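Trainee:
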Amino acid sequence: MSKYFFLGLLSLGLVFTGCNDDDDDDDNTPGACATPTDLLVDDTEANSVTLSWTSTGSAWTIEYGETGFAQGSGTEVTADSNPFTVDGLMGDTDYDFYVRNNCADGSSSYAGPLSSATDNPIVGEWEAYDVGGTLSGAGVTEINATFMSNQQYEVFSTQDGAVTEFSGSYTVTGNDVAGIYEITLSQTTPDSRTAMGIVQVYSASPDSMWYEVVQTDPALTGVTPPTVSGGFGSTSGGFFGNNLVQKYLRVE
Numbered sequence: 015m016s017k018y019f020f021l022g023l024l025s026l027g028l029v030f031t032g033c034n035d036d037d038d039d040d041d042n043t044p045g046a047c048a049t050p051t052d053l054l055v056d057d058t059e060a061n062s063v064t065l066s067w068t069s070t071g072s073a074w075t076i077e078y079g080e081t082g083f084a085q086g087s088g089t090e091v092t093a094d095s096n097p098f099t100v101d102g103l104m105g106d107t108d109y110d111f112y113v114r115n116n117c118a119d120g121s122s123s124y125a126g127p128l129s130s131a132t133d134n135p136i137v138g139e140w141e142a143y144d145v146g147g148t149l150s151g152a153g154v155t156e157i158n159a160t161f162m163s164n165q166q167y168e169v170f171s172t173q174d175g176a177v178t179e180f181s182g183s184y185t186v187t188g189n190d191v192a193g194i195y196e197i198t199l200s201q202t203t204p205d206s207r208t209a210m211g212i213v214q215v216y217s218a219s220p221d222s223m224w225y226e227v228v229q230t231d232p233a234l235t236g237v238t239p240p241t242v243s244g245g246f247g248s249t250s251g252g253f254f255g256n257n258l259v260q261k262y263l264r265v266e
């Protein structure tokens, strides 16, 4: 009798042990709605950021907002591809992004935040469709400009049939009045000089850009650069009107 009772306890212990092992396996079922990993920024433009991640899913939710936003208060978009481009963003702005996996039986936790900044809208290639009255009167017929994300620029100007290259570095600051930025150009080719002014990019297809700058070093007597508050045509307090305003289309 004692022998059989001992064997019975041993068998019962094996049964409970087997049940616990099965439960542990269920908790690690591969089909669980897994949180995306390896969240990356693939590309940035003035009004968009392209994200990619590692996930077994096929549908995701991306929540985003300006850097530091409280999660749950951001903008949500449904992503049906990976990579996915989040568009409609503001230029020259820092954003945080979160991504979660959407499964048939629920959603995963969010991966993130991943921080990224959009490019300044001026970055890209531009072709003038209006060089402005002053330059036109001086024989300038064509201007092609490229502003790079590393804050270098190249400009090719055609005047009386001859093409001249201008290059150097630039800085863009402020966005206080209707999307107008201050711009400073530090030219190094063909000679060294500085120009200051204002620039604004209008989102369209293609984008357009208004641009008004004047030389400040060496200074030109009686000439002062336009201001953000004064808007376009405000060089020297408006003396030149819109004759110094150059207008461009983005080369796509």
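Counting along the sequence shown from 1, when you hit position 154 you're at 168 in the working numbering, and nothing is skipped either side. Quick reminder that beta carbons are idealized off the backbone N, C-alpha and C, glycines included. Bear in mind that the values here come from a model prediction, so they are computed numbers and not experimental data.
1. With C-beta atoms as the reference, is M210 less than 8 Å away from I136?
2. Which value, in whole angstroms, describes the spacing of the CA atoms of F170 and F180?
3. Quick one: what's got a C-beta closer than 7 Å to F83's C-beta in the same chain, skipping five residues either side?
4. Quick check: the stretch 120-127 against the stretch 46-55, are at least 3 beta-carbon pairs closer than 8 Å?
5. Would you be able to state if there are at least three C-beta pairs under 8 Å between the stretch 144-160 and the stretch 123-130?
6. Just reading off the alpha helix (DSSP H) that S171 is part of, what are its end residues?
7. Pull up the CB-CB distance for T132 and M104, whole angstroms please, since I reckon it's below 8 Å.
8. Taking the straight line between their C-alpha atoms, what separation do you get for L28 and T68?
9. Which one of G193, G188, I157 has the shortest CA to CA distance from V177?
10. Which value, in whole angstroms, describes the spacing of the CA atoms of G79 and T89?
11. When you compare each of V237, L263, R264, E266 to G255 by their alpha carbons, which one comes out closest?
12. Quick one, are the C-beta atoms of Q165 and T187 less than 8 Å apart?
13. Could you check whether R264 and E59 sit closer than 8 Å to each other, using their CB atoms as the reference points?
14. Use the C-beta contact count for L54: other C-beta atoms within 10 angstroms, 16 or more gives buried, fewer gives exposed.
15. Would you identify the three-state DSSP class for L149, choosing helix, strand or coil?
16. Please return the same chain residues whose Cβ sits closer than 6 Å to the Cβ of Y225, not counting the five positions on each side in sequence.
17. Using C-beta distances below 6 Å, list every residue in its chain close to T64, excluding the 5 sequence neighbours before and after it, in chain order.
Mentor: By the coordinates alone:
1. Numbered from 1 along the sequence shown, position 196 holds the residue referred to as residue 210. Numbered from 1 along the sequence shown, position 122 holds the residue referred to as residue 136. No.
2. Looking up residue 170 in the sequence shown gives position 156. Looking up residue 180 in the sequence shown gives position 166. Distance between the alpha carbons of F170 and F180 is about 6 Å.
3. Mapped onto the sequence shown, residue 83 falls at position 69. Correct list, in chain order: D110.
4. yes
5. no
6. Locating residue 171 in the sequence shown gives position 157, counting from the first residue. It is not in any alpha helix (DSSP H) - S171 instead sits in the beta strand (DSSP E) that spans 166-173.
7. Against the sequence shown, residue 132 aligns to sequence position 118. Against the sequence shown, residue 104 aligns to sequence position 90. Rounded, the Cβ-Cβ distance is 7 Å, consistent with contact.
8. For the purposes of this step, residue 28 is taken as residue 14 along the sequence shown, with counting starting at 1. For the purposes of this step, residue 68 is taken as residue 54 along the sequence shown, with counting starting at 1. In this predicted model, L28 has a pLDDT of only 32, less than 50, meaning its place in the structure is not dependable enough to derive any value.
9. Position 163 of the sequence shown, counted from the start, is the residue given in the question as residue 177. The shortest Cα separation from V177 among G193, G188, I157 belongs to I157.
10. The residue labelled residue 79 in the question sits at position 65 within the sequence shown. The residue labelled residue 89 in the question sits at position 75 within the sequence shown. About 6 Å.
11. For the purposes of this step, residue 255 is identified with residue 241 of the sequence shown, where counting begins at 1. The shortest C-alpha separation from G255 is found at V237.
12. As a working mapping, residue 165 is identified with position 151 in the sequence shown. As a working mapping, residue 187 is identified with position 173 in the sequence shown. No; because the gap between Cβ atoms is not below 8 Å, this pair is not in contact.
13. By 1-based counting over the sequence shown, the position of residue 59 is 45. By 1-based counting over the sequence shown, the position of residue 264 is 250. No, the Cβ-Cβ distance between E59 and R264 is not below 8 Å.
14. In the sequence shown, residue 54 corresponds to position 40, counting from 1. With fewer than 16 other beta carbons inside 10 angstroms of its own, L54 counts as exposed.
15. By one-based count along the sequence shown, residue 149 stands at place 135. If DSSP states are grouped into helix, strand and coil, L149 belongs with the helices.
16. Numbered from 1 along the sequence shown, position 211 holds the residue referred to as residue 225. Taken in chain order, the residues that qualify are V213, Q260.
17. To locate residue 64, count along the sequence shown from 1; it is residue 50. So the list reads D56, D57, P97, T99, once near-sequence residues are dropped.
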